[in-house]
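Quick note, the sequences are listed as chains G and B, same order. Going by our numbering, the letters in the first sequence line up with residues 23 to 324, in that order. Going by our numbering, the letters in the second sequence line up with residues 379 to 538, in that order.
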Amino acid sequence: MAVIASIALLVTEHRSHRLDPLRATTSFLIDPLKYLVDLPTTLIEKTVGSISSYATLKQENDRLREEQFIDKTRLLKFDALERENIHLRALLENSFKLGEQVLVAELLSINMAPYENIVVVNKGTRFGVHPKQPVLDANGVVGQVFRSLPLSSEIMLITDPNHAIPVQVNRNGLLTIAVGSGQLNRLNLPFLSNNADIRPGDLLITSGLGGTFPPGYPVGIVDDFTPISDKPFANITATPKSMLDRNRELLIVWSDSTPIPLATPQTSKEKVIETPRDDKSARSGLVHKASEVEQAGTVRDE
Amino acid sequence: MNNYHGFGRIILTIILAMCLRIVPWPNAIANINPDWVLLVLIYWTLAVPERVGIFHAWTVGLLTDALTGRLFGQHALAYSLAIYFCLILHKRLRQFPLPQQGVFIFLCLLLTQLLLFWLKNIQTPSQFHASFWLPVFTGTLCWPLVYIALRFVRLARFTK
């Protein structure tokens, strides 16, 4: 009987999403375990944080202030450039995609299963996280939300063997797909021909095709290109930009593919972001709540 | 023998095993991290078969599925089959010395791993390293440890 029940469950979940409530319920039982296992790491981190010396903190503070200064200077012209970009695109009768919101999630240090590059973070559907959301860190794309549970969500890294991400060579716009290799420091680009215009050092960015990842985020850097003369495709590998094995904090992104209407190209940025937000809240109340939470988060950060 | 067996201890040890399952070991150890949950389940089935049965194994398997992010039913199926064999053979197994039990545990773990491999391959065909089978061996090697530790846990109750 157990066998039949298991097989029924397997088939049902493989085919549809009808078992999501069951998974949510079990996750209430299971997630405390995940937090329990994560506890020692968090405790150690907190202790180290609280006993680190004044000098170290001062040094770190100085470094961060310097970094912030540089970043701020870089951002000075960003607003103007963005406005100009929207304006130019309006002239070209092209729509501009905008409105990305982020939520900071922290990694739980647990290991779900070997051979799978899946990590768990501490934000779940309570914060409006839903599957297929892109996940970034400060350096580039990390992966996408694979399954969201009430108290945590599972994130598939771009290096997972079952993961593929549409990318573009930043130098010349060459489109291809980067497939995970299973190793945390390698991506494969199996669909480029031997004479493709790509060379080591090229930056790969998301192309936005496929709709999961917003375009323009760095994914990796090509580090090896070996043509195989008797095969149609070359052997190309890349290193992910994001620090997949060193990060504790990740950004979960709500990307809005709602284009800005051409009639009002001069709308202020805030207004533009609000429109899709309303669309979303119409779709589900949860997302709206998430954006509120996110807003609260940004306010706190500032 | 006292017929009362603390259910709390069984649950506690299983929770502990689940924690061991997801502790972030370094990569080298993570690849050989044995299936603690199944080892603990097998022990309790052999020790108190009237208490732990297929249904419990199935439930624990379901929770393990949730824990490791599998499709529901994979571990449930594998665990209930393994526990079924344990239940059938538990009288004989209890008489066996540890090494001989080890052989049976090895087969049980192998069966579980084989089922998991097979079910996973149906969903997404992917190749596996040979080291996919290493947890079976380490699990067998850990069996005496689990046996002695859980025996201690079980008998400590009687002295209370």
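Ideal placement from N, C-alpha and C gives every residue a C-beta, glycine not left out.
query	result
Pull out every residue of the region 392–403 of chain B whose Cβ sits closer than 8 angstroms to any Cβ of chain G, in chain order.	Ile393, Met396, Cys397, Ile400, Val401, Pro402 and Trp403
With DSSP as the reference, label G/Leu171 as helix, strand or coil.	coil
Taking the straight line between their C-alpha atoms, what separation do you get for G/Leu61 and B/Glu428?	35 angstroms
Can you tell me whether B/Trp436 is buried or exposed, with buried defined as 16 or more other CB within 10 angstroms of its CB?	buried
Round the Cβ separation of B/Phe450 and G/Leu41 to the nearest angstrom and send it over; I've been treating them as touching at under 8 angstroms.	6 angstroms
Does the distance from the C-beta atom of G/Thr63 to that of G/Ser174 stay below 8 angstroms?	no
May I have the straight-line CA-CA distance separating B/Gly439 from B/Leu455, to the nearest angstrom?	7 angstroms
CA-CA distance, B/Thr423 and B/Ala460?	10 angstroms
Using CA coordinates, which residue listed in G/Trp276, G/Val33 and G/Glu271 is at the minimum distance from B/Gln501?	G/Val33
Does G/Asp246 come out as helix, strand or coil in the three-state DSSP assignment?	strand
Between B/Leu459 and chain G, is any beta-carbon pair separated by less than 8 angstroms?	yes
Go through its chain and collect everything with a Cβ distance to G/Ala46's Cβ below 7 angstroms, but skip five positions before and after it.	Leu171 and Pro172
Let's see if you can read the secondary structure: which residues bound the alpha helix (DSSP H) around G/Asn107?	Phe100 to Leu113
Check B/Trp511 in the structure and name its three-state DSSP category.	helix
List, in order along the chain, the chain D residues whose C-beta lies closer than 7 angstroms to that of B/Leu440?	Structure shown: chain D not included; protein chains present are G and B.
Looking only at C-alpha atoms, which of B/Leu471, B/Trp403 and B/Ala406 sits nearest to B/Ala425?	B/Leu471
Spatial neighbours of G/Val59 within its chain, please: CB distance less than 8 angstroms, with the 5 preceding and 5 following residues excluded, ordered by chain position.	Leu130, Ser131 and Ile132
Could you tell me which residues DSSP pairs with G/Ile140 in its beta bridges?	G/Met178
Give the range of the alpha helix (DSSP H) segment to which B/Pro477 is assigned.	Leu476 to Gln501
Counting only beta-carbon separations shorter than 8 angstroms, does G/Asn139 have a partner in chain B?	no
Of all the CB atoms in chain B, is at least one closer than 8 angstroms to the CB of G/Leu51?	yes
Counting along the chain, where does the beta strand (DSSP E) carrying G/Asn257 start and finish?	Asn257 to Pro262
How big is the Cα-Cα spacing for B/Phe474 and B/Gly480?	9 angstroms
Which residues, in order along the region 54–67 of chain G, keep a beta-carbon less than 8 angstroms from a beta-carbon of chain B?	Leu55, Lys56, Leu58, Val59 and Thr63
Quick check on DSSP: helix, strand or coil for G/Ala200?	strand
So, G/Leu158 versus G/Ala200, is the Cβ gap smaller than 8 angstroms?	no
How long is the line joining the alpha carbons of G/Gly230 and G/Leu179, rounded to whole angstroms?	17 angstroms
Which whole-angstrom value is the C-beta distance of B/Leu441 and G/Ile52, which I expect to be below 8 angstroms?	6 angstroms
Among residues of its own chain, excluding the 5 on either side of G/Pro156, which ones have a beta-carbon nearer than 7 angstroms to its beta-carbon?	Val163, Gln166, Thr234, Phe235, Pro236, Val275 and Ser277
Rounded to whole angstroms, what's the CA-CA distance from G/Thr107 to G/Leu114? Just pull it up for me.	Here residue 107 of chain G is Asn; the residue named in the question, Thr, does not match the sequence. Near 10 angstroms, if we compare the C-alpha coordinates of G/Leu114 and G/Asn107.
Counting Cβ pairs, one atom from each stretch, are 3 or more of them under 8 angstroms apart for the region 71–80 of chain G and the region 145–152 of chain G?	no
Tell me where the beta strand (DSSP E) around G/Gln190 begins and ends.	Ala186 to Val191
Taking just the CA atoms, how far does G/Leu97 sit from G/Phe91?	10 angstroms
Within 10 angstroms of the Cβ of G/Thr181, are there 16 or more other Cβ atoms? Answer buried if so, exposed if not.	buried
Within its chain, find whatever has a CB closer than 7 angstroms to the CB of G/Val266; leave out the 5 residues flanking it on each side and keep chain order.	As written in the sequence, residue 266 of chain G is Leu, which differs from the Val given in the question. The answer, listed in chain order, is Val164, Leu179, Thr181 and Leu206.
Which residues in the same chain as G/Asn269 place their Cβ atom closer than 6 angstroms to its Cβ, once the five residues preceding and following it in sequence are excluded?	Asp159
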